[in-house]
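If you're matching them up, the sequences are chains A and B in order. FYI, in the numbering used here the residues of the first sequence are 1 to 146. FYI, in the numbering used here the residues of the second sequence are 1001 to 1363. Don't be surprised by glycine CBs; every beta carbon is placed ideally from N, CA and C.
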Amino acid sequence: MSIADRQNWLSILAKAPTQELQDRVASMDSLPPYKVLRAAEIGAVMVQGRMGGTGDVFNLGEMTVSRCSVELQTGEIGHGYVQGRNRDKVRLVAILDALLQTHRRDHLMKTIISPLQAQMAKAKSQRAAKAATTKVDFFTLARGED
Amino acid sequence: MYVAVKGGEKAIDNAHAWLSEKRRGDKAIAEIGVGQIREQLTLAVNRVMAEGSLYDPDLASLAIKQSHGDLIEAIFLIRAYRTTLARFGKTRPIETTNMACIRRISATFKDAPGGQILGPTFDYTHRLLDFTLAADSETSVVESQDMSDAQMLPRITDYLNQEGLIQQEIQTGDEPGDLTREPLQLPAQRDLRLQSLTRGDEGFILGMAYSTQRGYGRNHPFVGELRVGGVVVEMEIPELGFSIEIGEIEVTECETVNQFTGSKSDPPQFTRGYGLVFGHSERKSISMALVDRALRWAELGEDNVGVPAQDEEFVLYHSDNIQATGFLEHIKLPHYVDFQSELELIRKLRCEAEIPSRDEEES
């Protein structure tokens, strides 16, 4: 497992719609027993922006975040960080993060991560396609005042 | 001066009970749900998130419901709530260049690379009341046939930058100040000014921006680019030792291209103002860019012509509607002792001047 792999699945899980994630987990065979290292908790993080979009950093404002850490009996530790106040979702993310470090990874990638990724990509391109329908060409008219 | 009073608990309880009854309104009408507010009053929700300085559409919707739609009261609720949250850290700076834009326009280049994308806009509507909405009509839905992939739109200012025509934004790597941690000290640097402006009252920032357009510190702004859309939020996770994406937020960004500066050593260049606001908030973000630009007079070697929009203290100390409303509204609370002393004083002064009281005149 590379850092990039873990970065990838944690990012997909964090951005996945809660209902979608819960449905997919519900269709899995049972979750293994786990110990809660840090109970799901809600807090905030400061979102930063850049002056002029590309320059120095400034503080834009906070957003709510939930986080949770669990440990499987086999020793794998999973962490979850997700936007919003959502204890149920972040607990699932932490459990899946731990499970994705076990031999079940390939199966989980196929049944949970890849379908979620495909679905989010679809939603994104639908949004882009909708925006594309509002693309205009302005043309300037010659003013008849010479 | 405010001197504490006691009592009135029963009356206060009853007043609050009545307040809640007023919030509910006529029970023959269905109660509004927080979900309905979040989905159907999105621009109000956006304003509460921006000025409450906390991105959470569910909380902002709840605050709007609780406050009967008084947005400043809702912002107050959000500001109070955020103080109860533990701070888990900070995100990486959001990269608006990679924004998944639902709207992106340029008022400076007709043929802007990437095109003019109107998105869901009130622009070009006729501002006529639509009575079909009162009749609960269903709305039209945009049919999009081709599934195009989201393309990255180049920044207009980069385009100008290629010719060196516009001042560059430099990354010095300086750690930004944080208003929520340290009280604002003047003179403030641009990082604190931008943080203050983005959470400032929309009406106030709009008024300040408008004043520069009307001549109180004119800086000739063009909207180089206005973009609205989703940006991914990435955060370094201490437990992991690397960063992950934790979500996506909607923001509005405005870059203005303003009148140029130049000197004997530097050729003339356009200058820039910047606005970045949570949610879809165009008016606020354009206003912010204009005020940001006006406040940069010293750094750009311009004269301070003494107008309000150039006065950092005036702008930053009066833009926060929670501070303002707190101080303003406290004067309606009991000031009996305070006023009593004023009464005593005025009677004494009149007595010394031997002005007869009205009772004596009448007799």
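Review point. Which word fits B/I1012, buried or exposed, when buried means at least 16 other C-beta atoms lie within 10 angstroms of its C-beta?
Key: Mapped onto the second sequence, residue 1012 of chain B falls at position 12. Under this definition B/I1012 is an exposed residue.
Review point. Is the beta carbon of A/G75 less than 8 Å from the beta carbon of A/S69?
Key: Locating residue 75 of chain A in the first sequence gives position 75, where the first residue counts as 1. Locating residue 69 of chain A in the first sequence gives position 69, where the first residue counts as 1. Contact: no.
Check your understanding: How about A/T64: is its C-beta nearer than 8 Å to some C-beta of chain B?
Key -> Within the first sequence, the letter at position 64 stands for residue 64 of chain A. Yes, A/T64 lies at the interface with chain B (some Cβ there is under 8 Å from its Cβ).
Check your understanding: First and last residue of the beta strand (DSSP E) that includes B/N1258?
Key -> Translated into positions along the second sequence, residue 1258 of chain B becomes position 258. Where B/N1258 is concerned, the enclosing beta strand (DSSP E) stretches over 1242-1261.
Review point. Counting only beta-carbon atoms, is B/F1278 nearer than 8 Å to chain A?
Key: On the second sequence, position 278 is the one that residue 1278 of chain B refers to. Chain A contact via Cβ: present.
Review point. Considering only residues of the same chain and omitting the five flanking positions on each side of B/L1041, which have a CB-CB separation below 8 Å?
Key: Locating residue 1041 of chain B in the second sequence gives position 41, counting from the first residue. The answer, listed in chain order, is S1061, I1064.
**Study point:** Neighbouring residues, chain B, relative to A/R50 (Cβ below 7 Å)
**Key:** Locating residue 50 of chain A in the first sequence gives position 50, counting from the first residue. Within 7 Å Cβ-Cβ: P1093.
Check your understanding: Any idea if B/W1297 is buried or exposed, counting beta-carbon neighbours within 10 angstroms, 16 or more meaning buried?
Key -> Locating residue 1297 of chain B in the second sequence gives position 297, where the first residue counts as 1. By the neighbour-count rule (16 or more Cβ atoms within 10 Å), B/W1297 is buried.
Practice item. Please compile the residues from chain A whose C-beta is within a distance smaller than 7 Å of the C-beta of B/R1082. Key: Reading the second sequence from its first residue, position 82 is the one you call residue 1082 of chain B. Simply A44, E62.
**Study point:** Residues that DSSP places opposite A/C68 in a beta bridge
**Key:** Counted from its first residue, the first sequence places residue 68 of chain A at position 68. Paired residue(s): A/G80.
Exercise for review: Report, in whole angstroms, the separation of the C-beta atoms of B/G1200 and B/D1191, which I expect to be a contact under 8 Å.
Suggested key: Along the second sequence, one-based indexing puts residue 1200 of chain B at 200. Along the second sequence, one-based indexing puts residue 1191 of chain B at 191. Going by Cβ atoms, the distance from B/G1200 to B/D1191 rounds to 15 Å, so no, they are not a contact pair.
**Study point:** Partners in chain B for A/A16, counting only beta-carbon separations shorter than 8 Å
**Key:** Position 16 of the first sequence, counted from the start, is the residue given in the question as residue 16 of chain A. What A/A16 touches in chain B: nothing, since even the nearest Cβ is about 10 Å away.
Review point. Interface residues of chain A around B/E1171 at Cβ under 7 Å?
Key: For the purposes of this step, residue 1171 of chain B is identified with residue 171 of the second sequence, where counting begins at 1. Just to set this straight, residue 1171 of chain B is Gln in the shown sequence, not Glu. The contacting residues are G55, D56.
Review point. Counting pairs of Cβ atoms below 8 Å between the region 1255-1262 of chain B and the region 1233-1243 of chain B, do you hit three or more?
Key: no
Point to revise | Assigned exposure category for B/L1295 - 16 Cβ within 10 Å defines buried | key: In the second sequence, residue 1295 of chain B corresponds to position 295, counting from 1. By the neighbour-count rule (16 or more Cβ atoms within 10 Å), B/L1295 is buried.
Review point. Smallest Cα separation from B/P1221: which of B/E1354, B/A1107, B/A1135?
Key: Numbered from 1 along the second sequence, position 221 holds the residue referred to as residue 1221 of chain B. Checking every option, the nearest Cα to that of B/P1221 belongs to B/A1107.
Review point. Do you know how far the Cα of B/R1218 is from the Cα of B/V1307?
Key: Taking the first residue of the second sequence as 1, we reach residue 1307 of chain B at position 307. Taking the first residue of the second sequence as 1, we reach residue 1218 of chain B at position 218. The alpha-carbon atoms of B/V1307 and B/R1218 are separated by roughly 10 Å.
Check your understanding: Does DSSP put B/P1093 in a helix, a strand or coil?
Key -> As a working note, residue 1093 of chain B is residue 93 in the second sequence. Reduced to three states, the DSSP call for B/P1093 is strand.
Practice item. Determine the contact status of B/L1085 and B/T1198, defining contact as a CB-CB distance below 8 Å. Key: Taking the second sequence and counting its residues from 1, the one referred to as residue 1085 of chain B is at position 85. Taking the second sequence and counting its residues from 1, the one referred to as residue 1198 of chain B is at position 198. Contact: no.
Review point. Who pairs with A/I42 in a beta bridge, going by DSSP?
Key: Mapped onto the first sequence, residue 42 of chain A falls at position 42. Beta-bridge pairing links A/I42 to A/S66.
Review point. Relative to the C-alpha of B/L1118, which residue among B/I1102, B/L1128, B/H1126, B/F1131 is closest?
Key: As a first step, residue 1118 of chain B is located in the second sequence; it is residue number 118 there, counting from the start. Of the listed residues, the one whose Cα sits closest to B/L1118 is B/I1102.
Point to revise | Residues that A/A135 contacts on chain B, provided the C-beta gap is smaller than 7 Å | key: Here residue 135 of chain A corresponds to residue number 135 of the first sequence, with the count starting at 1. Here residue 135 of chain A turns out to be Lys, not Ala, going by the sequence shown. Within 7 Å Cβ-Cβ: G1115, Q1116, I1117.
Point to revise | Residues from the region 1228-1250 of chain B in contact with chain A, defined by Cβ distance under 7 Å | key: V1233, M1235, I1237, E1239, L1240, F1242, I1244, E1245, I1246, G1247, E1248, I1249
**Study point:** B/E1234 - DSSP class collapsed to helix/strand/coil
**Key:** Against the second sequence, residue 1234 of chain B aligns to sequence position 234. Reduced to three states, the DSSP call for B/E1234 is strand.
**Study point:** Identified DSSP bridge partners for B/C1351
**Key:** Against the second sequence, residue 1351 of chain B aligns to sequence position 351. None, per the DSSP bridge assignment.
Point to revise | Residue-level contact to chain C via CB, B/K1027, 8 Å cutoff | key: Absent here is chain C; the protein component of the structure consists of chains A and B.
Check your understanding: Under 8 Å, do A/L1 and A/Q117 count as touching if we go by C-beta distance?
Key -> Along the first sequence, read from residue 1 onward, the residue named residue 1 of chain A stands at position 1. Along the first sequence, read from residue 1 onward, the residue named residue 117 of chain A stands at position 117. The identity of residue 1 of chain A in the sequence shown is Met, whereas the question assumes Leu. Not in contact: A/M1 and A/Q117 (Cβ atoms no closer than 8 Å).
Check your understanding: Hey, would you say B/V1231 sits closer than 8 Å to B/H1280, going by beta carbons?
Key -> The residue given as residue 1231 of chain B occupies position 231 in the second sequence. The residue given as residue 1280 of chain B occupies position 280 in the second sequence. It is not a contact, given that the beta carbons lie outside the stated cut-off.
Exercise for review: Could you work out which residues of chain B lie near A/S11, taking near to mean beta carbons separated by less than 7 Å?
Suggested key: As a first step, residue 11 of chain A is located in the first sequence; it is residue number 11 there, counting from the start. Within 7 Å Cβ-Cβ: I1244, E1245.
**Study point:** Proximal residues of chain A, C-beta to C-beta of B/C1424 below 8 Å
**Key:** Outside the shown range of chain B, which is 1001 to 1363, sits residue 1424 of chain B, and nothing can be said about it.
Check your understanding: So is A/K124 in contact with chain B if we call contact Cβ pairs under 8 Å?
Key -> Numbered from 1 along the first sequence, position 124 holds the residue referred to as residue 124 of chain A. Interface residue, yes.
Check your understanding: Short check: CB of B/L1316 to CB of B/S1196, under 8 Å?
Key -> If you number the second sequence from 1, residue 1316 of chain B lands on position 316. If you number the second sequence from 1, residue 1196 of chain B lands on position 196. Yes; because the gap between Cβ atoms is below 8 Å, this pair is in contact.
Check your understanding: Taking only beta-carbon atoms, is A/A40 less than 8 Å away from chain B?
Key -> Locating residue 40 of chain A in the first sequence gives position 40, where the first residue counts as 1. So, not an interface residue.
**Study point:** Per-residue DSSP class, three states only, for B/L1300
**Key:** If you number the second sequence from 1, residue 1300 of chain B lands on position 300. Of the three classes helix, strand and coil, the one that applies to B/L1300 here is coil, per DSSP.
Practice item. Starting from B/T1271, follow the beta strand (DSSP E) in both directions and report where the run begins and ends. Key: Residue 1271 of chain B sits at position 271 when you count from the first residue of the second sequence. Note, B/T1271: beta strand (DSSP E), 1269-1278.
Exercise for review: Compare the C-beta of A/V93 with all C-beta atoms of chain B and state if any pair is closer than 8 Å.
Suggested key: For the purposes of this step, residue 93 of chain A is taken as the residue at position 93 of the first sequence. A/V93 does not count as touching chain B.
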